[in-house]
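Okay, so here's the structure we're looking at.
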Amino acid sequence: MEPSEERLYRTDKVMNASPQTAIHIQSLTSLEHFERCVVLQLEVWGYSDGDVIPRRVFVVAQRIGGQVLGAFDGDNLVGFAMSLPGYREGKSYLHSHMLAVLPQHRNAGIGRRLKLAQRDEAIARGFDLMEWTFDPLEIRNSHLNINRLGAIVRRYQPDFYGPSSSPLQGGLPTDRLYAEWWLRSRHVTDLLQGEPQPQQVLERITVPHTIYQWKQDPLQRGLARTLQSNNRTALESAFQRGLAVVGYERDIQGNGSFLLGPWNNTSEI
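Just so we're aligned: the sequence shown equals residues 10 to 278 in the working numbering.
Laid out in structure tokens, this is it:
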């Protein structure tokens, strides 16, 4: 996974925190904490030095209007989220460039809590939109981004970063979808309150749960590459026809499906 990949998790129950502590989230401002964010990247993704985001970028993000938030188990930094300010089509927004949680703290809801903390802080500063990129082959991430946070998707970028040193990428092109998180929209607020609005679904594009095995097995990697190419074509075609990813579905086998339908722009305000 790439630096802007958002590794999110399925529950809010803190399963792996120390018995005497609870996870808490706060803004990061010290060089010590920023250096820990650098080390944490290596522990999560196994990057080479060329792919690691250096300490100075965290410093810049914190000082130019971005965000650097940390999740702590007691005094230990176990996860972080970093955003940079962006500007496109006359509108300011935050681009969530990186989110990481240590392996031993996964499936504890920390990623989602970091995202919700990002949302609270962004709204307090007057932002309406946050974006990030994610791998369309990552089923759990897609489910969290779309079904549990309320992001919609209308853009696809083939091989966004070029070659990746992360073994999790499996040597495939670093294709990415853009998640648009309209922070104050009814679509997001209703979903976060447990009352998601029904969406019209016209098409679906599926990712089989075997994708993880295919990516890591050199003998099956061709299957992953073919699936990535076919889904890229299908998603790009849907976006060109004005459709958006408005939902995500997982079946009992663990396969994931993007649900595509019309998106009403008035939902963004």
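Quick reminder that beta carbons are idealized off the backbone N, C-alpha and C, glycines included.
Rounded to the nearest angstrom, what separates E41 and L123 at their Cα positions? Looking up residue 41 in the sequence shown gives position 32. Looking up residue 123 in the sequence shown gives position 114. So the two alpha carbons sit approximately 20 Å from each other.
Leaving out five residues before and five after L37 in sequence, what residues of the same chain have Cβ atoms less than 6 Å from its Cβ? In the sequence shown, residue 37 corresponds to position 28, counting from 1. Within the same chain, L37 has close Cβ partners V77 and G79.
Report the rounded CA-to-CA distance for G265 versus L86, giving the unit in angstroms. One-based indexing of the sequence shown puts residue 265 at position 256. One-based indexing of the sequence shown puts residue 86 at position 77. The alpha-carbon atoms of G265 and L86 are separated by roughly 32 Å.
Alpha carbon to alpha carbon, what distance is there between P205 and V197? Residue 197 sits at position 188 when you count from the first residue of the sequence shown. Residue 205 sits at position 196 when you count from the first residue of the sequence shown. Each residue's alpha carbon lies about 8 Å from the other.
Does DSSP classify E147 as helix, strand or coil? Looking up residue 147 in the sequence shown gives position 138. E147 falls in the coil class under three-state DSSP.
Boundaries of the alpha helix (DSSP H) in which S238 is found, first to last residue: Mapped onto the sequence shown, residue 238 falls at position 229. Run containing S238: R230 to Q249, per the alpha helix (DSSP H) assignment.
Residue span of the alpha helix (DSSP H) that contains F169, given as start and end: Mapped onto the sequence shown, residue 169 falls at position 160. From DSSP, F169 is part of no alpha helix (DSSP H); its letter is neither H nor E.
Within the continuous alpha helix (DSSP H) that includes F1, where are the two ends? Not covered by the structure: residue 1. The range shown for the chain is 10 to 278.
If you draw a straight line from the alpha carbon of M24 to that of E52, how long is it in whole angstroms? Locating residue 24 in the sequence shown gives position 15, where the first residue counts as 1. Locating residue 52 in the sequence shown gives position 43, where the first residue counts as 1. Any reading at M24 needs caution, since the residue's pLDDT is 40, under 50, leaving its predicted position unreliable; the model's value is listed next. If you take the alpha carbons of M24 and E52, they lie about 19 Å apart.
Tell me which residues share the same chain as G74 and place their Cβ nearer than 6 Å to its Cβ, disregarding the 5 neighbours each side in the sequence. Start at 1 with the first residue of the sequence shown, and residue 74 comes out as number 65. So the list reads P94, once near-sequence residues are dropped.
In whole angstroms, what is the alpha-carbon distance linking A31 and P112? For the purposes of this step, residue 31 is taken as residue 22 along the sequence shown, with counting starting at 1. For the purposes of this step, residue 112 is taken as residue 103 along the sequence shown, with counting starting at 1. Taking the straight line from one Cα to the other gives about 17 Å.
Check V53 in the structure and name its three-state DSSP category. Taking the sequence shown and counting its residues from 1, one reaches residue 53 at position 44. Here V53 sits in helix by DSSP.
With 16 as the cutoff for other CB atoms within 10 Å, does T142 come out buried or exposed? In the sequence shown, residue 142 corresponds to position 133, counting from 1. Buried, by the Cβ-count rule.
In whole angstroms, give me the CA-to-CA distance for F248 and Y165. Your numbering for residue 248 matches position 239 in the sequence shown. Your numbering for residue 165 matches position 156 in the sequence shown. Spanning the two alpha carbons is a distance of roughly 8 Å.
Reference Y187, options E258, H106 and A70, closest by Cα: Along the sequence shown, one-based indexing puts residue 187 at 178. When each option's Cα is compared against that of Y187, the closest is H106.
Can you round the beta-carbon distance between V254 and I155 to whole angstroms, since I take them to be within the 8 Å contact cut? Here residue 254 corresponds to residue number 245 of the sequence shown, with the count starting at 1. Here residue 155 corresponds to residue number 146 of the sequence shown, with the count starting at 1. With a Cβ gap of about 6 Å, V254 and I155 count as contacting.
Sort W191, V68 and W272 by Cα distance to A131 and report the nearest one. As a first step, residue 131 is located in the sequence shown; it is residue number 122 there, counting from the start. Considering only alpha carbons, the answer is W191.
Nearest to R193 (by Cα), restricted to the options R134, H114 and F43: In the sequence shown, counting from the first residue as 1, residue 193 sits at position 184. For the residues R134, H114 and F43, the minimum Cα distance to R193 belongs to R134.
Taking just the CA atoms, how far does Y102 sit from I119? Counted from its first residue, the sequence shown places residue 119 at position 110. Counted from its first residue, the sequence shown places residue 102 at position 93. Distance between the alpha carbons of I119 and Y102: 23 Å.
With burial defined as no fewer than 16 other Cβ atoms inside 10 Å of the residue's Cβ, what is the status of Q262: buried or exposed? Working through the sequence shown from its first residue, we reach residue 262 at position 253. Q262 comes out exposed.
What first and last residue would you give for the alpha helix (DSSP H) that runs through Q127? What you label residue 127 is simply residue 118 of the sequence shown in a count that begins at 1. Residues I119 to A133.
With distances taken from CA atoms, which of P63, Q225 and P217 is nearest S151? Locating residue 151 in the sequence shown gives position 142, counting from the first residue. When only C-alpha atoms are compared, the closest one is P217.
For H218 and chain D, any beta-carbon pair shorter than 8 Å? Of the chains in the structure shown, none is chain D; there is only one protein chain.
Please return the same chain residues whose Cβ sits closer than 7 Å to the Cβ of S27, not counting the five positions on each side in sequence. Numbered from 1 along the sequence shown, position 18 holds the residue referred to as residue 27. Low confidence applies to S27: its pLDDT is 46, below 50, so where it sits in the model is not reliable enough to give any reading.
To which residues of the same chain is A160 closer than 7 Å at the C-beta, ignoring the five residues directly before and after it? Here residue 160 refers to the residue found at position 151 of the sequence shown. N154, A188, E189 and W190, listed in sequence order.
Residue range of the unbroken alpha helix (DSSP H) whose run includes L200: Counting from one through the sequence shown, the residue named residue 200 turns up at place 191. Its alpha helix (DSSP H) spans residues R195 to L201.
Give a yes or no on whether the C-beta atoms belonging to L211 and G171 are separated by under 8 Å. One-based indexing of the sequence shown puts residue 211 at position 202. One-based indexing of the sequence shown puts residue 171 at position 162. It is not a contact, given that the beta carbons lie outside the stated cut-off.
If you compare alpha carbons, which of W272, W223, R185 and L125 is closest to T242? Locating residue 242 in the sequence shown gives position 233, where the first residue counts as 1. Cα-wise, what sits closest to T242 is R185.
For Q76, report the span of its beta strand (DSSP E) as first-last. In the sequence shown, residue 76 corresponds to position 67, counting from 1. First-last of the beta strand (DSSP E) with Q76: Q76 to D82.
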